[in-house]
Amino acid sequence: MAGRILVLDDEENYAEMLQDLLREHGYRVDMATRPERAIAQLEEIPYDLVISDYKMPVMDGADFLKKSRELYPHLPFILVSGLMNTPELVKVANMSVTLVLEKPLDTRQFLEEVARFSSPLTDEEREQLAMEGQDAQIQVNTPSYPAEPCFFSAHNFLAARFLQSLWSVAHSGHEVFILEPPGGDAELVIKDVSNWRGNADMPVAELSLPEDLNDGVRQIRSLLSDSNKSRVLSLRLNSFLELKKARKLSQQFANEPEGAASVLLVYIVPGTSEQAFEFKKLTGESGFVLPGMRFRPSDTAAYARRFARIAADRSGKGRCAEFSVPAAYALLAHEWPENYKQIRELIYATVELSGDAPISLEVFEQALGYEIGSVPATALPTLLKAQQGRFLKDYLEESGLSPAEILKELDLDPATQGITDLEAVPLLFDAEPHKF
Numbered sequence: 006m007a008g009r010i011l012v013l014d015d016e017e018n019y020a021e022m023l024q025d026l027l028r029e030h031g032y033r034v035d036m037a038t039r040p041e042r043a044i045a046q047l048e049e050i051p052y053d054l055v056i057s058d059y060k061m062p063v064m065d066g067a068d069f070l071k072k073s074r075e076l077y078p079h080l081p082f083i084l085v086s087g088l089m090n091t092p093e094l095v096k097v098a099n100m101s102v103t104l105v106l107e108k109p110l111d112t113r114q115f116l117e118e119v120a121r122f123s124s125p126l127t128d129e130e131r132e133q134l135a136m137e138g139q140d141a142q143i144q145v146n147t148p149s150y151p152a153e154p155c156f157f158s159a160h161n162f163l164a165a166r167f168l169q170s171l172w173s174v175a176h177s178g179h180e181v182f183i184l185e186p187p188g189g190d191a192e193l194v195i196k197d198v199s200n201w202r203g204n205a206d207m208p209v210a211e212l213s214l215p216e217d218l219n220d221g222v223r224q225i226r227s228l229l230s231d232s233n234k235s236r237v238l239s240l241r242l243n244s245f246l247e248l249k250k251a252r253k254l255s256q257q258f259a260n261e262p263e264g265a266a267s268v269l270l271v272y273i274v275p276g277t278s279e280q281a282f283e284f285k286k287l288t289g290e291s292g293f294v295l296p297g298m299r300f301r302p303s304d305t306a307a308y309a310r311r312f313a314r315i316a317a318d319r320s321g322k323g324r325c326a327e328f329s330v331p332a333a334y335a336l337l338a339h340e341w342p343e344n345y346k347q348i349r350e351l352i353y354a355t356v357e358l359s360g361d362a363p364i365s366l367e368v369f370e371q372a373l374g375y376e377i378g379s380v381p382a383t384a385l386p387t388l389l390k391a392q393q394g395r396f397l398k399d400y401l402e403e404s405g406l407s408p409a410e411i412l413k414e415l416d417l418d419p420a421t422q423g424i425t426d427l428e429a430v431p432l433l434f435d436a437e438p439h440k441f
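Right under this line is the structure:
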């Protein structure tokens with residue numbers, strides 16, 4: 006699949022102009038207006054190319070280049086600037102800048118240079134992204150999210166439905182609750198929601214639920230006084246016992262005389278799918294259950310590719326970003342009890358163990374700490390169907406819907422009623438492994 010390009014410019018209008026130009030020519034582009042935020046994105050997302058302004062306050066293009074080189078010694082880097090003097094040119098040349106282009110840009114030359122380092126989406130990839138963004142099997146009666154998520158992976162139909170449902174409340178609401186499995190990826194969801202609510206690349210502040218509600222309101226007010234921070238806040242709860250207090254905090258903050266209407270409080274609640282029904286009873290339409298990675302094989306593959314690429318690019322070992330076929334099947338068959346964080350830690354470890362070779366099943370097992378054996382290609386659909394069956398049984402308990410209503414929601418024949426019908430539902434996602 007085509008890679009991504011990161012555009013950094015402290016002038017938001019100019020950054021948006023470059024982003025729009027590149028998107029018009031088929032590239033996948035992310036934008037940042039603060040170098041520190043761009044660094045955070047580089048740490049989490051693999052990029053083919055960085056395009057950065059030179060003249061910026063706080064951290065100029067040269068300092069940003071230096072920090073980028075510490076992460077990725079070989080990442081192509083184009084500096085765009087007005088007239089640069091000789092000492093500045095020497096400085097960035099010594100840091101191995103790939104190319105310096107002067108403003109105003111020659112559009113034709115700029116696009117020719119970009120094409121040297123990154124490829125636009127093919128028609129097939131565009132269709133694939135469109136299908137993943139609006140699931141072809143399930144018709145969700147909520148507004149679709151406004152853009153492809155940058156951080157959270159929603160390739161899987163369960164993740165896409167979760168994100169669509171959450172956004173239907175989060176786009177204009179003042180509070181949402183996310184039930185997160187151990188090691189889950191809720192923090193990535195919040196980053197994307199923050200971007201979609203107009204906070205651009207502003208960092209999301211995180212805090213724990215305070216003991217005193219008045220103190221909590223003061224903390225929130227203090228965080229929001231920083232104009233460089235997002236107006237989406239993340240609050241982690243310790244258990245369901247804090248849900249009532251969280252509700253009261255939201256209500257108390259909503260009475261603030263200024264600015265409360267533009268703020269979204271996102272409460273992350275630790276739990277498991279077995280607690281989903283209780284969670285929904287307590288949170289109502291503001292509560293959303295984040296599916297674990299065992300139910301999201303295509304997202305598991307996407308995250309694995311992301312982390313392998315990041316680790317390989319940082320170490321300069323390109324081939325170890327690839328997976329052997331047995332390793333890919335083992336990756337998809339694994340249950341991932343610690344979810345997103347376990348995938349990240351394990352893939353980083355496998356890249357380190359792989360030397361300069363593709364990730365093999367043996368290396369995967371070594372990083373995991375035990376043998377899992379080879380998973381034949383013919384067994385993968387059976388494994389995925391079993392995972393899907395477990396999810397649908399959990400969803401039956403969580404939603405309060407009948408099996409027939411769930412089948413109708415899945416756009417399938419609701420003629421029969423038993424639980425075995427849900428277990429027999431055909432695969433709702435591609436059983437082929439993600440392209441590694």
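Sequential numbering from 6 applies to the sequence shown in our numbering. Quick reminder that beta carbons are idealized off the backbone N, C-alpha and C, glycines included.
Pair within 8 Å by beta-carbon distance, residue i and residue j
{"i": "S239", "j": "M207", "result": "no"}
{"i": "V222", "j": "F245", "result": "no"}
{"i": "Q280", "j": "L406", "result": "no"}
{"i": "L80", "j": "V97", "result": "no"}
{"i": "L397", "j": "L427", "result": "yes"}
{"i": "D111", "j": "S86", "result": "no"}
{"i": "P363", "j": "S329", "result": "yes"}
{"i": "D399", "j": "S320", "result": "no"}
Rounded Cβ spacing between residue i and residue j (contact assumed at less than 8 Å)
{"i": "L242", "j": "L248", "result": "7 Å"}
{"i": "S73", "j": "V102", "result": "Actually they do not touch by this definition, with Cβ atoms about 10 Å apart."}
{"i": "D53", "j": "R9", "result": "6 Å"}
{"i": "N204", "j": "V237", "result": "6 Å"}
{"i": "D35", "j": "C155", "result": "6 Å"}
{"i": "R314", "j": "P51", "result": "4 Å"}
{"i": "A335", "j": "F300", "result": "So it is not a contact: roughly 18 Å between Cβ atoms."}
Cβ shell of residue i (< 7 Å), same chain only, five flanking positions each side left out
{"i": "E48", "result": "L76"}
{"i": "L351", "result": "A372, L373"}
{"i": "P215", "result": "G221, Q224"}
{"i": "H30", "result": "L116, P125"}
Cut-off 8 Å between Cβ atoms - residues of its own chain near residue i, not counting five sequence neighbours on either side
{"i": "G178", "result": "L269, S291"}
{"i": "L218", "result": "K250, K253, L254, Q257"}
{"i": "Y345", "result": "G188, G189, D190, L193, M298, Y308"}
{"i": "A45", "result": "P208"}
{"i": "A265", "result": "H179, F258, A259"}
Spatial neighbours of residue i in its chain, beta-carbon cut-off 6 Å, leaving aside the 5 residues before and after
{"i": "L23", "result": "V12"}
{"i": "K322", "result": "D361"}
Any non-hydrogen atom of the ligand GDP within 7 Å of residue i CB
{"i": "S235", "result": "No copy of the ligand GDP occurs in the structure displayed, which carries no ligand at all."}
Straight-line gap, residue i to residue j (C-alpha atoms, nearest Å)
{"i": "L171", "j": "E367", "result": "39 Å"}
{"i": "A354", "j": "A309", "result": "12 Å"}
{"i": "P40", "j": "L104", "result": "19 Å"}
{"i": "E180", "j": "V271", "result": "6 Å"}
{"i": "S199", "j": "S267", "result": "11 Å"}
{"i": "D14", "j": "L295", "result": "34 Å"}
{"i": "R33", "j": "L168", "result": "20 Å"}
{"i": "E376", "j": "R311", "result": "24 Å"}
{"i": "K196", "j": "A332", "result": "30 Å"}
{"i": "L106", "j": "L70", "result": "15 Å"}
{"i": "M61", "j": "R28", "result": "24 Å"}
{"i": "S365", "j": "Y150", "result": "37 Å"}
{"i": "N146", "j": "F284", "result": "Summary for N146: the model assigns pLDDT 39, below 50, so the residue's position carries little reliability; its value from the coordinates is reported in the next sentence. Approximately 22 Å between the Cα atoms of the pair."}
{"i": "D231", "j": "E21", "result": "23 Å"}
{"i": "V356", "j": "N260", "result": "51 Å"}
{"i": "A316", "j": "E130", "result": "24 Å"}
{"i": "P408", "j": "T288", "result": "23 Å"}
{"i": "L228", "j": "S213", "result": "13 Å"}
{"i": "R202", "j": "H176", "result": "6 Å"}
{"i": "D361", "j": "E93", "result": "36 Å"}
{"i": "E343", "j": "G276", "result": "12 Å"}
{"i": "C325", "j": "S379", "result": "20 Å"}
{"i": "P148", "j": "A165", "result": "Unreliable positioning characterises P148 in this predicted model, as indicated by a pLDDT of 44, which lies under 50. The coordinate reading is nonetheless provided below. Between P148 and A165, the C-alpha separation is close to 12 Å."}
| message | Across the region 297-313 and the region 149-160, are there enough close Cβ pairs to call them in contact, namely three or more that are closer than 8 Å? | response | Cβ pair count under 8 Å is three or more, so yes.
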